[in-house]
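A.B. asks:
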Amino acid sequence: MMTAAIDRRKFLSREAILSAACELRPDPLPYPQATIARRAMACGFSITLPANLPHPVDAGVAALDEIDRLEERLSIYKDESDLSRLNATAAGRPVQLDTELYSLLRTARNLSRATGRAFDPAAGALVRAWGFFRGPRRVPSTIEIRAARENSGIHFIDFDDEQRTIAFRRPVEFNLGAFGKGYAIDRAIHRVWTQHHVRCALMQGGQSSIKAVGAPPDEPRGWQVQLMDPENEVRPLVRLSLRDRALGTSGDANRFFVHHGRRFGHVLDPRTGWPACGLAAASAIARHAAEADALSTAFYVLGVEATREFLKHRPDLGAILVLPKSQSAARRVIVLGAADAEVLS
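Heads up: the sequence shown begins at 29 in the numbering used here, then just goes up one per residue.
1) Under the three-state reduction of DSSP, which class applies to T143: helix, strand or coil?
2) May I ask you to report which of helix, strand or coil DSSP gives I104?
3) How is L268 classed by DSSP in three states: helix, strand or coil?
4) Helix, strand or coil for R66 per DSSP?
5) Could you give the residue range of the beta strand (DSSP E) that holds T193?
6) Whose CA, out of F73, V361, A243 and I313, lies closest to the CA of A367?
7) By Cβ distance, which residues of its chain are closer than 7 Å to R134, with the 5 residues on each side in sequence left out?
8) Hey, which unbroken runs of the beta strand (DSSP E) at 3 residues or more fall wholly within the region 171-257?
9) Can you give me the C-alpha to C-alpha distance between D257 and E190, rounded to a whole angstrom?
10) To the nearest angstrom, report how far apart S237 and A195 are at their CA atoms.
11) Mark N80 as exposed unless 16 or more other C-beta atoms lie within 10 angstroms of its C-beta, in which case mark it buried.
12) Expressed to the nearest angstrom, what Euclidean distance is found between the alpha-carbon atoms of W221 and K239?
13) Going along the chain, which residues of its own chain have a beta-carbon closer than 7 Å to the beta-carbon of G250, five neighbours each way excluded?
14) Going by DSSP in three states, D126 sits in which element: helix, strand or coil?
15) Relative to the C-alpha of A176, which residue among A151, F184 and V167 is closest?
16) Please state if the CB of R156 and the CB of F285 are separated by a distance shorter than 7 Å.
17) In terms of alpha-carbon separation, which member of I362, G346, L98 and G88 lies closest to R273?
18) Measuring only the C-alpha atoms, how far is E94 from D126?
19) Return helix, strand or coil for F375, following the three-state DSSP convention.
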C-alpha cells in the first residue's frame, strides 16, 4: 500500500475505524493502492484509490481540498463560516444564500420532513443544552429541555425557493453534525469524478461515513467491509459489499456520559429532547453519503418497527440495525430493505 500523509497528519489508514457505533473494516485488497488522509471537520477523512490510476495522489488531494472548502462553509465551530453567520442573522430577517448552501439546507429539510423529524438539522439548541456542542456534558432540567425544544426544529424555518432565502421564526440553530460529513464526501467524490475521471474509490469521513465508487480490480461486487460488534470490537457482525453506494452509521458507543449511574448518548431525539435509546447502532445504505448519514441518525431514533415502515416507501434504501445484547442474545442484527443486496454474510 502507498500512503500519502497530507499536512504531515496521517489520520486514518485503510484498516481504520470508520463508524462511531460499529467498526467498519475494509477487507485487504491484493493490489497496490494509495490512501491519502487529512484531518478536517474535527475528524479524519481519507480516500483510497487503486495505485495504477493516473496521478492517484493528485486526485486524492483534490478530494480532500474539497472537504477543506466545505468545512470553511459549514462548520459551526468556526464563527466566520457561512452556516455560523446564517445562525446569527436569520432570526432577524430573511437571509439570501447562494445556490450550493440553499440546496444543501433544503435537502436537509426534506429529509427531516420525510423522517417525521427523527432527523432534524435545526436542533442546535438541544445539542447545546446537553453539552454536546462545547460542553460540559450534563443532564439539563425539564425546564431547560422544554426551552431548547421551543427553539429547535426545521418547522420553525421558512424557505423561499424563488428568492433563495431562509428566515428563522424562532432563534433556532442549524447543526449539520449528522449530515455535513456525508455531504462533504459526496462533493469530494463528485470533484474527483469530474476533474480526475476517477471511477474507483473508497472515501471515509470520521467514524461514521463511507462511500464506495465503482469496484476494485478483481472485485466486481464492490468494496468489501466488515461491520463489527459495537459491544465487542473484535467480533464481526456483518460483511458487506458496496458499489456506488454509501453507508452511514449512528450510535453512542464513543460519545456519551454517565450521570447517577445512567448512560446518556449524544444522539438526541429532537421530538422529545432526550437521548435516543433502544438500539446499539443503526446503519443506512443509500446512493448518497449525505442521505445515508441523515437516515442512520433517523433510524437510530426511530427504532426497528418505525424504520421497517419507513423503508416500505423507499425500496432503494437499506438499513442494518443492531440490538443491544441486553435485549436479544440470539438475533441482534436486523437487515431491512435493500441492504439485503449488500450483505455477504
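We put the CB at the ideal spot given by N, CA and C, even for glycine.
Everything numeric in this text was worked out from a predicted model, so none of it was measured.
C.D. replies: Quick look at the numbers:
1) coil
2) coil
3) strand
4) strand
5) T193 to F196
6) I313
7) F187
8) 185-188, 193-196, 229-233, 237-241 and 251-257
9) 47 Å
10) 30 Å
11) exposed
12) 13 Å
13) A240, A243, S269, L270 and R271
14) coil
15) A151
16) no
17) G346
18) 17 Å
19) Within the shown structure, residues of the chain are numbered from 29 to 373, placing residue 375 beyond reach of any answer.
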